[in-house]
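Q:
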Amino acid sequence: MSGKELLQWIDASPTAFHAAKVLTKHLVEAGFEALQMEQAWKLKSGGSYFVTKNDSAVIAFRVGTESVAEAGFRLIGSHTDAPGFRIKPSAETVSGKRYLRLNTEVYGGPIHHTWMDRPLTIAGRVMVATEDVMKPSSRLVRFKRPMAIIPNLAIHMNREVNQGATFNPQTQLLPLVALTENGEATDGWLLNLLAGELKIEKEQILDWDLFLADAQPGCLIGEAENLISVGRQDNLSMVHASYKALIDSKATSVTQVLVAYDNEEIGSRTMQGADSPWLSQVLERIAGNEREIYFRALAQSFLVSADMAHALHPNYPEKHDPTNQPVLGKGPVIKINASYAYTSNAASIAVFERICKAQGIPVQRYVNRSDARGGSTIGPITMRHLPISAIDIGSPIIGMHAIRELGEIKDHEWMIQAMTAFFMA
1 MSGKELLQWI
11 DASPTAFHAA
21 KVLTKHLVEA
31 GFEALQMEQA
41 WKLKSGGSYF
51 VTKNDSAVIA
61 FRVGTESVAE
71 AGFRLIGSHT
81 DAPGFRIKPS
91 AETVSGKRYL
101 RLNTEVYGGP
111 IHHTWMDRPL
121 TIAGRVMVAT
131 EDVMKPSSRL
141 VRFKRPMAII
151 PNLAIHMNRE
161 VNQGATFNPQ
171 TQLLPLVALT
181 ENGEATDGWL
191 LNLLAGELKI
201 EKEQILDWDL
211 FLADAQPGCL
221 IGEAENLISV
231 GRQDNLSMVH
241 ASYKALIDSK
251 ATSVTQVLVA
261 YDNEEIGSRT
271 MQGADSPWLS
281 QVLERIAGNE
291 REIYFRALAQ
301 SFLVSADMAH
311 ALHPNYPEKH
321 DPTNQPVLGK
331 GPVIKINASY
341 AYTSNAASIA
351 VFERICKAQG
361 IPVQRYVNRS
371 DARGGSTIGP
381 ITMRHLPISA
391 IDIGSPIIGM
401 HAIRELGEIK
411 DHEWMIQAMT
421 AFFMA
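Its first residue numbered 1, the sequence shown is counted upward by one per residue in the numbering used here.
1) State yes or no: is the C-beta of arginine 86 within less than 8 Å of the C-beta of threonine 93?
2) Leaving out five residues before and five after phenylalanine 32 in sequence, what residues of the same chain have Cβ atoms less than 7 Å from its Cβ?
3) When DSSP labels each residue in this structure, what does asparagine 103 get in the three-state scheme?
4) May I ask which residues mark the beginning and end of the beta strand (DSSP E) holding threonine 93?
5) What span of residues does the beta strand (DSSP E) with serine 364 cover, start to end?
6) Can you have a look at histidine 112 and say buried or exposed, based on whether 16 or more other CB atoms are within 10 angstroms of its CB?
7) Drop a sphere of 10 angstroms on the beta-carbon of leucine 190, count the other beta-carbons inside from all chains shown, and report buried for 16 or more, exposed for fewer.
8) Express the C-alpha separation of threonine 420 and isoleucine 355 in angstroms, rounding to a whole number.
9) Rounded to whole angstroms, how far is the Cβ of isoleucine 10 from the Cβ of glutamine 325, which I believe are closer than 8 Å?
10) If you follow the beta strand (DSSP E) that alanine 60 is in, where does it begin and where does it stop?
11) Where in the segment 203 to 240 do unbroken runs of the beta strand (DSSP E), each at least 3 residues long, occur, reported from the N-terminal end onward?
12) Return the first residue and the last residue of the beta strand (DSSP E) that glycine 394 is part of.
13) Are there any heavy atoms of the ligand COA lying less than 7 Å away from the beta-carbon of isoleucine 205, as far as the coordinates show?
14) Just confirm the distance between the C-beta atoms of glutamine 281 and lysine 330, as a whole number of angstroms; I'd bet it's less than 8 Å.
15) For serine 242, which residues of its own chain have a beta-carbon under 7 Å away from its beta-carbon, when the five flanking residues on both sides are left out?
16) What are the boundary residues of the beta strand (DSSP E) that phenylalanine 73 is part of?
17) Can you check whether the CB of serine 2 is closer than 8 Å to the CB of glutamate 405?
18) Here's a check: name, in chain order, each residue in its chain whose Cβ is nearer than 6 Å to the Cβ of glycine 108, leaving out the five neighbours to either side.
19) What does the alpha-carbon distance come out to for the pair leucine 43 and proline 151?
20) Tell me where the alpha helix (DSSP H) around methionine 116 begins and ends.
21) Give the single residue among Glu66, Ala178, Lys335, Ile381 whose Cα lies nearest to the Cα of aspartate 275.
22) Using 10 angstroms around the beta-carbon of alanine 299, count the other beta-carbons present and answer buried if the total reaches 16, otherwise exposed.
23) Indicate whether threonine 104 and proline 175 have their beta-carbon atoms separated by less than 8 Å.
24) Would you report the Cα separation of arginine 367 and isoleucine 391, rounded to the nearest angstrom?
Okay, here's the thing in structure tokens:
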């Protein structure tokens, strides 16, 4: 059932805000207690807790039965965001006195052409006025019906399109949302739409963070229905797997920590991103705000940085390293890079591989081609703030950053099993 469960999880999470909401909902159902960063904490041995940041990032943890000074932290990190298109302020724009489009900007590094000619919707959060000017209310919104489309240009007007096309994101990738009459004024179209969807007065709406999202649900494909076709597997698959591992684990001597950051796709340089002191602040508070205990805990802690990995593409095998070629359905992937774009080294690999071997879980390795630059993860960024042992891993997928990515069910099951064993080791 892990494949269908994952699809339901991702389909319910069109934005980082929705992903965090889904995660916290399940944490509450599993008995985790919500904490507030601005309040004092009273933690109990074996207790389960979580905190949020910006409505889009979550840290959950189960306090160990021994002092963190003696047992340390066991962490799994992932991220809630994915590449796509963010809607700009004053977004309404009319073309040809007939076509109402929304002005958008690119978020992260999506594969542009995969967003074209398919039903899209609008999702995100809306800030609503309250009596306290410093504390507006955050309301999630998601139009369940298709609301937009980015139409392609006919081949008769672009004969070279199949030789490799590039798209100007300001002029050629704007979504069409409606037809107007004689170029009539459309100012306030989106505001009125949001007010109607949320059933509030438009004067109550202060601002919003809105994105385009795929309007089509994910599905299982292939003869055995073992292939997962859905977007945002990078990196909601790892958020889901780490959550399942945390709730499936029992309290042990170590303090088990799940961290689901936001904004990894744009560099993590936000208060809810990995390049912030948020995680270190939470860990220090778990340590009772005692610096000596905190530093001792870090010295024996371990981070699994979990982000999806590139599987060998059947149509582009030449794009992969000649001797390290992970494939779908063969288990978790350890990611390695000589410049430490990934955190893995021989010591951390030895730990993770031994944990997997004890569970009968196969392990693969990924290394970039030596003549190609790859990506990075929250791992190296987190290590700027926490000098702890770490490894970068991920489930293999094809088509990373496309609007629909391709994964495999057994890999996800193995990842949950490996993460659970890591928490319990």
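We treat Cβ as the ideally placed atom computed from N, Cα and C, and that holds for glycine.
A: To lay it out plainly:
1) By one-based count along the sequence shown, residue 86 stands at place 86. By one-based count along the sequence shown, residue 93 stands at place 93. In terms of Cβ geometry, arginine 86 and threonine 93 do not form a close pair [threshold 8 Å].
2) If you number the sequence shown from 1, residue 32 lands on position 32. Contacts found: Ser48, Tyr49, Phe50, Ala60.
3) Residue 103 sits at position 103 when you count from the first residue of the sequence shown. Asparagine 103 falls in the strand class under three-state DSSP.
4) Position 93 of the sequence shown, counted from the start, is the residue given in the question as residue 93. Note, threonine 93: beta strand (DSSP E), 84 to 95.
5) On the sequence shown, residue 364 is found 364 positions in, with the first residue counted as 1. For the sequence presented, residue 364 should be read as glutamine rather than serine. In this chain, the beta strand (DSSP E) harbouring glutamine 364 covers 364 to 367.
6) Reading the sequence shown from its first residue, position 112 is the one you call residue 112. Buried, since its Cβ has 16 or more Cβ neighbours within 10 Å.
7) For this step, residue 190 is matched to residue 190 along the sequence shown. Leucine 190 is classed as buried because its beta carbon has at least 16 other beta carbons within 10 Å across all chains shown.
8) By 1-based counting over the sequence shown, the position of residue 355 is 355. By 1-based counting over the sequence shown, the position of residue 420 is 420. Isoleucine 355 and threonine 420: Cα-Cα distance of roughly 10 Å.
9) Taking the first residue of the sequence shown as position 1, residue 10 is located at position 10. Taking the first residue of the sequence shown as position 1, residue 325 is located at position 325. Rounded, the Cβ-Cβ distance is 26 Å, inconsistent with contact.
10) Stepping through the sequence shown from its first residue, residue 60 is reached at position 60. Unbroken beta strand (DSSP E) run through alanine 60: 57 to 62.
11) 205 to 214, 219 to 221, 227 to 230, all fully within the segment 203 to 240.
12) The count along the sequence shown starts at 1 and reaches residue 394 at position 394. That run of the beta strand (DSSP E) goes 389 to 394.
13) In the structure on display, the ligand COA does not appear, and there are no ligands present to speak of.
14) Along the sequence shown, read from residue 1 onward, the residue named residue 281 stands at position 281. Along the sequence shown, read from residue 1 onward, the residue named residue 330 stands at position 330. Under the criterion of beta carbons closer than 8 Å, glutamine 281 and lysine 330 do not qualify as touching, at roughly 39 Å.
15) For the purposes of this step, residue 242 is identified with residue 242 of the sequence shown, where counting begins at 1. Its chain contains Ile76, Ser78, Leu258, Ala306, Met419 as the residues whose beta carbon lies nearer than 7 Å to that of serine 242, once the 5 sequence neighbours on both sides are disregarded; these appear in chain order.
16) Indexing the sequence shown from 1 puts residue 73 at position 73. Residues 73 to 79.
17) Position 405 of the sequence shown, counting from 1, holds the residue named residue 405. Position 2 of the sequence shown, counting from 1, holds the residue named residue 2. Contact flag unset, no.
18) Taking the first residue of the sequence shown as 1, we reach residue 108 at position 108. The residues are Pro83, Glu265, Ile266.
19) The residue labelled residue 43 in the question sits at position 43 within the sequence shown. The residue labelled residue 151 in the question sits at position 151 within the sequence shown. About 54 Å.
20) Counting from one through the sequence shown, the residue named residue 116 turns up at place 116. Boundaries for methionine 116: no alpha helix (DSSP H) harbours it, and the DSSP string shows neither H nor E there.
21) Mapped onto the sequence shown, residue 275 falls at position 275. Looking at the Cα atoms, Ile381 is the closest of the given residues.
22) Stepping through the sequence shown from its first residue, residue 299 is reached at position 299. By the neighbour-count definition (other C-beta atoms within 10 Å, threshold 16), alanine 299 is an exposed residue.
23) Your numbering for residue 104 matches position 104 in the sequence shown. Your numbering for residue 175 matches position 175 in the sequence shown. Cβ distance < 8 Å, so threonine 104 and proline 175 count as in contact.
24) Here residue 367 refers to the residue found at position 367 of the sequence shown. Here residue 391 refers to the residue found at position 391 of the sequence shown. According to the sequence displayed, residue 367 carries valine and not arginine. Rounded to whole angstroms, valine 367 to isoleucine 391 spans 14 Å at the Cα level.
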